[in-house]
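In terms of this note's numbering, the sequence shown opens at residue 17 and continues consecutively.
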Amino acid sequence: MTRFTRIGFILAAAGSAVGLGNIWKFPYVTGEYGGGAFVIVYLLAILFIGLTVFIAETVIGQNGQADVSTSFVNLSKSKNKNWKFAGFMVFTGLIILSFYSVVLGWILNYVFTSFVSLPTEAKVAGANFEKLISNDIGSLILYHTLIAGSVIYIVLKGIKEGIEKINLILMPLLGLILFGLLLYALTLDSFSQAISFMFSPDWSKINGDALLAALGQAFFTLSLGVGTILTYSASLSKKTNFIKTSISVAVVDTSIAIIAGLIIFSFLFEAGAPSAAGPGLVFISLPVIFSGWGLLGQVIAVSFFVALIFAGITSAVSMIEPSLRFFIERFNITRSKATLISGSTFYLLGIVALLSMSKSYGAELTFFGKNAFDLMDFMTSSIMMPLAAILTCIFLGYFVEKQKLQDAFTQHVPLAVFNFWYFLIKFIVPIAIIILLLNKLGVIQ
Ligand code: PFF
Ligand code: NA
17 MTRFTRIGFI LAAAGSAVGL GNIWKFPYVT GEYGGGAFVI VYLLAILFIG LTVFIAETVI
77 GQNGQADVST SFVNLSKSKN KNWKFAGFMV FTGLIILSFY SVVLGWILNY VFTSFVSLPT
137 EAKVAGANFE KLISNDIGSL ILYHTLIAGS VIYIVLKGIK EGIEKINLIL MPLLGLILFG
197 LLLYALTLDS FSQAISFMFS PDWSKINGDA LLAALGQAFF TLSLGVGTIL TYSASLSKKT
257 NFIKTSISVA VVDTSIAIIA GLIIFSFLFE AGAPSAAGPG LVFISLPVIF SGWGLLGQVI
317 AVSFFVALIF AGITSAVSMI EPSLRFFIER FNITRSKATL ISGSTFYLLG IVALLSMSKS
377 YGAELTFFGK NAFDLMDFMT SSIMMPLAAI LTCIFLGYFV EKQKLQDAFT QHVPLAVFNF
437 WYFLIKFIVP IAIIILLLNK LGVIQ
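Here it is as structure tokens:
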């Protein structure tokens, strides 16, 4: 197995973490929950829960040095073989990737259409988006294929030549584009409005829903519960300071979410557009605003959607990697064969997802009242990811020798840090996730 360099690992893990979750989802969820108070709750969720689980996955990977299932077994007390069932989480990544690739396909379509022209009215923008996702099967398949093909091409080349390299190129470019957009947002009068929207809390907006949305977002944004961070960490040298590394990734991910929020809210407020537009925010509201800015607006539109593609591709490759490593090590097959299996699985599931939104093909076909696209989203983010996260906590808190974990920590940090983390992992985090899970399943409101 080739290994990441320390900086290569930080880039790749940050590349995984920074994605559509930061630039598309975080701003619209923050908008829906009214801004400042939600941001504070989110920051607390990242600090006490997200980071705790991130460190947990890193510990298992770095000390297990194998695919998800083998790493669990290797680290468990007396190497209990039963823990290999934890490997189920590698399939979560494949399911997420199938619809994530479809959404990246929409965005790729937006890169090209924004290049040609932008809609000048919200009604037109809404109709365009609606038409793309529910009618234009040919384009959807084409763009999904282009995205899936790129992801497969990158991971075929392996950890160093594929994943590390693409992150080395795309992450700085992403940073550069966001920096440019931030500079432009700074010139707008609405920037200060965006700051106060995001940082002055109105606690009346916070209810149980908002707390759970913040918690769910904290998991998704840090790529937790999918085995991604665990698998990447298995290619990290045992000597690397995993605590410092985890903190760096969380800081990068959080900063990018905040910066994306500031950019997008400045744009929205400048145009007097509502902040609570939901998922259509970047696909419907933003293009109309950009069109009001003439040629510059078009440049901004194209750069913005390119930034989303860069952020999304580096996340996409990280979703497939756990399954590759799982197949390679469990079934002793080559990387190419594993890529063929995982690649065709997520590609075909993606086709199912995109057809399920089309009026003429699959929209009538629903399971539990959800189309396939929504079902995959629900199953992964509401059930499989939280389950994997609980399992990870229970595993470390109760089925791994405490001394072993303590030794790993105290190489790098004072004992008090370990004790605090261990307390969170054993009690606080599992309880928080169980509440989240029960709520998502409709057991508690
Ligand atoms: N963290 C990514 C984002 O914020 O867009 C999404 C993600 C990547 C989730 C990788 C899960 C994963 F394994
Ligand atoms: Na993220």
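All C-beta atoms, glycine included, are put in the ideal place defined by N, C-alpha and C.
From a predicted model like this one, the values you see are computed outputs, not experimental measurements.
Residue i, DSSP secondary structure in three states
i, result
"Ala293", "coil"
"Asp83", "coil"
"Lys93", "helix"
"Glu337", "helix"
"Val459", "coil"
"Asp269", "helix"
"Asn125", "helix"
"Trp99", "helix"
"Pro430", "coil"
"Val11", "This structure does not reach residue 11, given that the chain is present from 17 up to 461, and the question cannot be answered."
"Ala72", "helix"
"Arg346", "helix"
"Phe423", "Checking the displayed sequence, the identity of residue 423 turns out to be Asp instead of Phe. Helix."
"Trp40", "helix"
"Ser307", "helix"
"Val119", "helix"
"Glu417", "coil"
"Gly476", "The structure shown does not extend to residue 476, since the chain is modelled only from 17 to 461, so the question has no answer here."
"Ile300", "coil"
"Phe20", "coil"
"Ser208", "helix"
"Val508", "Given that the chain is displayed from residue 17 to residue 461, the structure contains no residue 508 and the question cannot be resolved."
"Tyr58", "helix"
"Tyr49", "coil"
"Ala287", "coil"
Cβ separation of residue i and residue j, assumed to be a contact under 8 angstroms, to the nearest whole Å
i, j, result
"Val84", "Gly243", "4 angstroms"
"Leu15", "Thr330", "What the structure shows of the chain is the stretch from 17 to 461, and residue 15 is not part of that stretch, so it cannot be assessed."
"Phe115", "Asp393", "6 angstroms"
"Ile123", "Leu324", "5 angstroms"
"Val304", "Glu137", "7 angstroms"
"Tyr248", "Phe25", "6 angstroms"
"Gly313", "Ala287", "At roughly 11 angstroms, the Cβ-Cβ gap does not stay under 8 angstroms, so Gly313 and Ala287 are not in contact."
"Ile451", "Leu412", "Not quite, the Cβ-Cβ distance comes to about 20 angstroms (not below 8 angstroms), so this is no contact."
"Gln427", "Ala250", "At roughly 18 angstroms, the Cβ-Cβ gap does not stay under 8 angstroms, so Gln427 and Ala250 are not in contact."
"Ala369", "Phe384", "Between Phe384 and Ala369 the Cβ distance is about 16 angstroms, and since that is not below 8 angstroms, they are no contact."
"Leu252", "Val69", "With 8 angstroms as the limit, Leu252 and Val69 do not qualify as a contact, their Cβ atoms being about 17 angstroms apart."
"Ser397", "Phe236", "6 angstroms"
"Ile65", "Ala432", "Not quite, the Cβ-Cβ distance comes to about 19 angstroms (not below 8 angstroms), so this is no contact."
"Leu172", "Ser352", "6 angstroms"
"Ile263", "Ala28", "So it is not a contact: roughly 16 angstroms between Cβ atoms."
"Leu246", "Ala266", "Actually they are not in contact, since the Cβ atoms of Leu246 and Ala266 sit about 16 angstroms apart, beyond 8 angstroms."
"Asn387", "Ser372", "4 angstroms"
Any C-beta of chain B under 7 angstroms from that of residue i
i, result
"Leu184", "Among the chains in the structure shown there is no chain B, since it carries only a single protein chain."
Could I get the ranges of all uninterrupted alpha helix (DSSP H) runs contained in the region 369 to 414, with 4 residues as the minimum, in chain order?
-> If we require 4 residues or more, the alpha helix (DSSP H) runs fully inside the region 369 to 414 come out as 388 to 394, 401 to 414.
Any residues whose CB sits closer than 6 angstroms to a heavy atom of ligand 1? List them in chain order?
-> Ser32, Ala33, Gly35, Leu36, Gly37, Asn38, Gly109, Ile112, Phe236, Thr237, Ser239, Val242, Thr244, Ser331, Ser334, Met335
Pairing CB atoms from the region 89 to 104 with CB atoms from the region 403 to 418, are three or more of them under 8 angstroms?
-> When Cβ pairs closer than 8 angstroms are counted between the two stretches, the region 89 to 104 is seen to touch the region 403 to 418, the count reaching three or more.
Taking 8 angstroms as the threshold, find out whether the region 243 to 263 comes into contact with the region 279 to 286 through three or more Cβ pairs.
-> no
Counting only runs of 3+ residues fully inside the region 211 to 259, write out the beta strand (DSSP E) ranges in chain order.
-> none
Is there contact here, the region 124 to 142 with the region 301 to 318, by at least three beta-carbon pairs under 8 angstroms?
-> yes
Could you name each continuous beta strand (DSSP E) segment of 3 residues or more that falls completely within the region 130 to 177, going from the start of the chain to the end?
-> none
Mind the definition here: the region 349 to 365 touches the region 106 to 118 only if three or more C-beta pairs lie below 8 angstroms; say whether that holds.
-> yes
Touching by the beta-carbon criterion (3+ pairs, under 8 angstroms), the region 398 to 405 and the region 45 to 58 | no
Are the region 336 to 351 and the region 164 to 175 touching, with three or more C-beta to C-beta distances below 8 angstroms?
-> yes
Any contact of the region 374 to 391 with the region 210 to 221, i.e. 3+ C-beta pairs under 8 angstroms?
-> Output reads no: the region 210 to 221 does not touch the region 374 to 391.
Per the contact definition of three or more C-beta pairs closer than 8 angstroms, is the region 146 to 158 in contact with the region 220 to 239?
-> no
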